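Below is one structure, written out as structure tokens; the observations come after it.
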Amino acid sequence: MTDLKEKLIARGIKYLAVEGNIGAGKTTLARLIAEESDAQLFCEEVENNPFLERYYEDMQEYAFQTQIFFLLNRYKQQQEISQLDLFSELIVTDYVFAKDKIFAHAVLEDDELVLYNRIHSFLEGRMARPDMVIYLQASPEVLLERIRKRGRSFEKKITEDYLFALNEAFNHYFFHYDGCPILIVNTDRMDFVSDRNQLEDLFMRMTEEFDGKRFYVPSWKQE
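The sequence shown begins at 191 in our numbering and counts up one residue at a time.
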């Protein structure tokens with residue numbers, strides 16, 4: 191058992207979720223945590239959504255189909271997680287199940303939202319809940335720069351205004367979230383891939399005891 195895995199499990203953390211807006215770095219960080227802790231990693235299958243490219247072309251027309259696909263896909267993956275032995279395994283995901291609801295409330299029409307909420311409520315009660323969430327924040331400008339840099343064709347029409355609206359929705363959701371401890375990390379000036387010191391400092395903060403919400407303050411000096 192790795193040192194990080196041992197410390198997380200000792201804290202009662204068997205299921206850790208990394209969450210944040212598009213371009214916040216959640217999949218990258220989730221992979222790094224899983225590698226360091228020898229955890230089982232589950233990532234949302236963004237590029238497999240057949241409606242996503244059309245959604246960014248015409249959000250109003252394709253929002254409902256896009257969100258329902260994501261919802262059912264995450265439900266299927268969560269069913270796989272629920273079959274695992276959470277007494278001995280550490281699970282890391284790059285999303286929380288409620289994430290789709292954040293997007294849905296931001297983009298769906300009222301009548302679509304009523305139907306969506308009924309489906310979501312039916313599925314939600316059957317989900318395992320994370321023991322800790324790492325919520326990654328970043329400014330719309332930084333998010334857009336990262337999105338452009340990774341060059342996914344279906345994301346080319348994403349705007350700063352759209353990212354700003356999603357930031358507001360994420361912040362509102364996690365401000366009221368009380369399902370588990372949340373470590374809030376502003377990633378505007380962080381690069382966990384190229385700076386091992388930053389990553390190890392975050393690992394240390396993840397293993398510290400806290401309840402509710404905690405804002406990550408790095409021990410290393412930011413210029």
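Even glycine gets a Cβ: it sits at the ideal position worked out from N, Cα and C. None of the values given here were measured: they were computed from a predicted structure.
Check	Outcome
Specify, as a first and last residue, the run of the beta strand (DSSP E) that Leu280 falls within.	Where Leu280 is concerned, there is no enclosing beta strand (DSSP E), given that its DSSP letter is neither H nor E.
Looking at C-beta atoms only, is the number of pairs between the segment 244-264 and the segment 204-220 that lie closer than 8 Å three or more?	no
May I ask which residues mark the beginning and end of the beta strand (DSSP E) holding Ala207?	205-210
Leaving out the 5 sequence neighbours to the left and right, which residues in its chain are closer than 6 Å to Pro330 when beta-carbon positions are compared?	Glu350, Leu353, Phe354
When you compare each of Cys233, Leu219, Ala207 to Asp381 by their alpha carbons, which one comes out closest?	Leu219
Report, in whole angstroms, the separation of the C-beta atoms of Leu231 and Val286, which I expect to be a contact under 8 Å.	Not quite, the Cβ-Cβ distance comes to about 15 Å (not below 8 Å), so this is no contact.
Taking the beta strand (DSSP E) that Lys367 falls in, what are its first and last residues?	A small fix is needed here, since residue 367 is Tyr in this sequence, not Lys. Where Tyr367 is concerned, there is no enclosing beta strand (DSSP E), given that its DSSP letter is neither H nor E.
Less than 8 Å between the CB atoms is what I'm expecting for Glu196 and Phe254, so what's the real figure, rounded?	Actually they are not in contact, since the Cβ atoms of Glu196 and Phe254 sit about 44 Å apart, beyond 8 Å.
Just checking my contact of Leu298 with Thr377 at CB under 8 Å: how many whole Å lie between their CB atoms?	That pair is no contact at about 28 Å.
Output needed for Arg221: all residues of its chain with C-beta closer than 6 Å, excluding positions within five of it in sequence on either side, in chain order.	none
Between Ala143 and Ser272, is the Cβ-Cβ spacing less than 7 Å?	Nothing about residue 143 can be read from this structure; the chain reaches only from 191 to 413.
When the Cα atoms are used, what is the spatial distance from Asp193 to Ile337?	33 Å
Per DSSP, Gln327 is paired with what?	Asn376
Return helix, strand or coil for Lys347, following the three-state DSSP convention.	coil
If I measure Cβ to Cβ from Lys289 and keep anything under 7 Å in the same chain, skipping five residues before and after, which residues do I get?	Glu209
Jot down the residue ranges of each uninterrupted beta strand (DSSP E) in the segment 280-312, minimum 3 residues, whole runs only, in chain order.	281-283
Given a cut-off of 7 Å on the beta-carbon distance, is the pair Ile199 and Asp321 in contact?	no
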